Amino acid sequence: FHFALDFAAESLLITWHSEPHLTAFHGDLMASVAAAYFTPDQRTPVRRTSAARGKRYSNTSVSKRKSIKTWRVTVLPGLIMFLCTLGLIFLSIFLLFLLISQGMFKRQVVTVNAQLADTYFWAPYGQSCILKSDGFTPNSCDADTTSIIPDKPFTVVGSELAKQWAAELTQAGGTLYVTTCIIGDMIRSMISPNEEGIGRSYDYFPECLPTEPQDVAGMAMLETTIRDTHVDGLYFLTLYADLDPSMTVYSYVNSDGTTQNLIDNIKRTLITVDGQVETDKLGRDYIITSRPLGDRYLVTGFCDTVVEELSELKDGLGLTGWSQGKHSKLPVVPAWSCGHVVENADEVIVLQAMSSFLSLWFFAGDMFITIEGLGGLLSGAPVLKYTVLSGLERRKWLLVCIVVNSMPGLLYMDVSRIYYYSTNGFKIYVLSSIMVANFFTFGFFIALSLFDTLVGLLRSFSSCVGYSAPIFTAVCIVWMAQVWCTDPFFLDVYNKFFAAPAFLGFYVNNATWPSGSYVAEGTPPVVTYLAETIVTTVGGSFGIAIAISSIYRRIRHKKYV
1 FHFALDFAAE SLLITWHSEP HLTAFHGDLM ASVAAAYFTP DQRTPVRRTS AARGKRYSNT
61 SVSKRKSIKT WRVTVLPGLI MFLCTLGLIF LSIFLLFLLI SQGMFKRQVV TVNAQLADTY
121 FWAPYGQSCI LKSDGFTPNS CDADTTSIIP DKPFTVVGSE LAKQWAAELT QAGGTLYVTT
181 CIIGDMIRSM ISPNEEGIGR SYDYFPECLP TEPQDVAGMA MLETTIRDTH VDGLYFLTLY
241 ADLDPSMTVY SYVNSDGTTQ NLIDNIKRTL ITVDGQVETD KLGRDYIITS RPLGDRYLVT
301 GFCDTVVEEL SELKDGLGLT GWSQGKHSKL PVVPAWSCGH VVENADEVIV LQAMSSFLSL
361 WFFAGDMFIT IEGLGGLLSG APVLKYTVLS GLERRKWLLV CIVVNSMPGL LYMDVSRIYY
421 YSTNGFKIYV LSSIMVANFF TFGFFIALSL FDTLVGLLRS FSSCVGYSAP IFTAVCIVWM
481 AQVWCTDPFF LDVYNKFFAA PAFLGFYVNN ATWPSGSYVA EGTPPVVTYL AETIVTTVGG
541 SFGIAIAISS IYRRIRHKKY V
């Protein structure tokens, strides 16, 4: 108990009350004596005195009970705030186990895709290219399509399509009509991957945004990527052929345990900027780095190209139209299996585990007193009334542990934004956002404590400005969470992850856009885009906490400071 009191006493406002059980007992006893039937003149002086005393004790008992009810109301907010503070620590522990189980330090899941404009940002771009056995028919492709990449690699793309779709060309009598689509809404999303999706049919141009099932001979996706052996970047072609018997459906298991139907044995081809062709075994693009906790804990995001089979998803996505193989009748669409790896992740896990343990250790006394207080609150017994947040500024080791415990949230939030289109992505993002809000809220306590100490060393003051720590904490965390934990904000930071400077891009709609290859410097961490919200929220919450505290002091003590 000495240990408990030692750590809790710094923030105690001790309030002792008279023993309520004893008061209630006396009141009940005297009331039973006073219940005997006597007329006023029949009572002896002793009995009249006893009756008067019983009435007085009974009134005192009622007053005490009212006092206890009022006292409970005043004690309850402090206990609730403590439980919320303790909950934030347990949140980080729970989130750590959740993220490990979800593979947050090494994760890869299929990103759902569909030919929709509003949700997945598909848009038509060209319906003019005609494919023959030797490639695109000269002058058949419109100027917008041929200008997407330089002439030499564009010609090689046509040749590779003709080779890999040879069976479909033969079935179609030697001619296929190629529709070009772009994936990525440049205006709304402010970022366009601009993969060139190519849908092929036999005797008509397929639609990029079909409103009903349409038969196609195959689908292909053209992107860019990087490899260590090619310093100039590469064009990356992923292809599905409807007549290829090896391209069958299989169930892919994501790292979080969910499953998705994909097409097996799709073809992936690399094309150099000077027109050379290589078979690709890695199948990877969108290799982007981020440094939310510095270079040592580098986050590397990536995507592997896949072709999804949508039989189990089309109803849930509300699709009325899709592209399906003319012979297989499989609804297919090009997509990605995206993931990431965090370097030295074990160190982050150990750091958070240790800081969580130390936070609970320093909170042990508070937990003991709170358990006792809850018992007293229910029974009306005297308890120690205090608000842990009001004294947290003086318990610097506990404060440091809470901040360190919340710091990995910067990493988790940066990683979780990659999975906007994945199952459970938003839930993990929300929990990570709360941890980040926790980090900056309690980090402000440390900064304020250090500032207060330094100012006190320089000079003394006759008065000081007070603030309500519980109000500041509650307002700050809720304010940040309600700004960040929204679908539009989640989509915005997701897009900004892929808005890293392009290494090799596509020229679409009179601009060059990222399309799968990025510079080695990577993308700015998510905290870069939170700075304005953090400054506004912390400053506003602190102002509100000062204002409420000053108003309370004015009402209670007739002065503001």
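According to the UniProt record's numbering, the sequence shown is numbered sequentially starting from 1. Glycine included, C-beta positions come from ideal geometry on N, C-alpha and C. Computed from a predicted model, the values in this text were never measured in an experiment.
Of the candidates 431, 141, 455 and 503, the residue whose Cα lies closest to the Cα of residue 90 is 431.
Here residue 99 carries a helix assignment [DSSP, helix/strand/coil]. Looking at the backbone, the Cα of residue 131 and that of residue 102 are separated by about 45 Å.
By the criterion of at least three beta-carbon pairs nearer than 8 Å, the stretch 400 to 408 is in contact with the stretch 344 to 356.
Here the stretch 287 to 299 does not lie against the stretch 456 to 472, with fewer than 3 beta-carbon pairs under 8 Å apart. Counting C-beta atoms within 10 angstroms of its own C-beta, residue 263 has 16 or more neighbours from the protein chains shown and is therefore classed as buried. The distance from the Cβ of residue 271 to that of residue 153 is about 5 Å, consistent with a contact at the 8 Å cut-off. A distance below 7 Å between beta-carbons, with the five flanking residues on each side excluded, links residue 247 to the following residues of its chain, in chain order: 240, 241, 263, 264, 265 and 266. The beta carbon of residue 468 sits closer than 6 Å to the beta carbons of 545, 548 and 549 from its chain, once the five residues preceding and following it are set aside; these are given in chain order.
If you draw a straight line from the Cα of residue 181 to the Cα of residue 148, it comes to about 12 Å. Listed in chain order, the non-local C-beta contacts of residue 259 below 7 Å within the same chain comprise 251, 252 and 253, local neighbours out to five positions each way being set aside. For the pair residue 529 and residue 127, the Cα-to-Cα distance works out to about 39 Å. The beta carbon of residue 434 lies closer than 6 Å to those of 481 in the same chain, with the five residues before and after it left out.
Within a 10 Å sphere around the beta-carbon of residue 327 sit fewer than 16 other beta-carbons, which makes this residue exposed.
Judged by DSSP in its simplified three-state form, residue 481 adopts helix. The three-state reading of DSSP puts residue 267 in strand, counting E and B together. By the 16-neighbour rule on beta-carbons within 10 angstroms, residue 138 is exposed. Around the beta carbon of residue 293, 16 or more other beta carbons sit within 10 angstroms, so the residue counts as buried.
When DSSP states are grouped into helix, strand and coil, residue 363 belongs to the coil group.
The continuous beta strand (DSSP E) containing residue 308 extends over residues 299 to 309. Measuring C-alpha to C-alpha distances from residue 414 to each of 490, 347 and 404 identifies 490 as the nearest. Take the alpha-carbon of residue 143 and the one of residue 215: they are about 27 Å apart. In the DSSP annotation of this structure, the continuous segment of the beta strand (DSSP E) that includes residue 224 starts and ends at 218 to 227. Residue 338 is positioned such that its CB atom lies closer than 8 Å to that of residue 108. DSSP places residue 503 inside the beta strand (DSSP E), whose first and last residues are 502 to 508.
Taking a C-beta distance under 8 Å as the contact criterion, residue 349 and residue 169 do not qualify as a contact pair.
Close CB contacts of residue 141 within its chain, under the 6 Å cut and outside five residues either way in sequence, are with 128 and 129 (chain order).
In the three-state reduction of the DSSP assignment, residue 557 falls in the helix class.
In this structure, the CA atom of residue 171 is about 25 Å from the CA atom of residue 310. Contact check between the stretch 490 to 507 and the stretch 515 to 533: three or more CB pairs, one atom from each, fall below 8 Å, which counts as touching.
Residue 359 is a Cβ neighbour of residue 405, given a cutoff of 8 Å.
Beta-bridge analysis with DSSP links residue 514 to 505. Residue 167 is positioned such that its CB atom lies no closer than 8 Å to that of residue 99. A residue is called buried once 16 or more other Cβ atoms fall within 10 Å of its Cβ, and residue 305 is buried on that count. Annotated as distal: residue 527 and residue 417, with beta-carbon spacing of 8 Å or more. In this structure, residue 224 lies near residue 505, with their beta-carbon atoms less than 8 Å apart.
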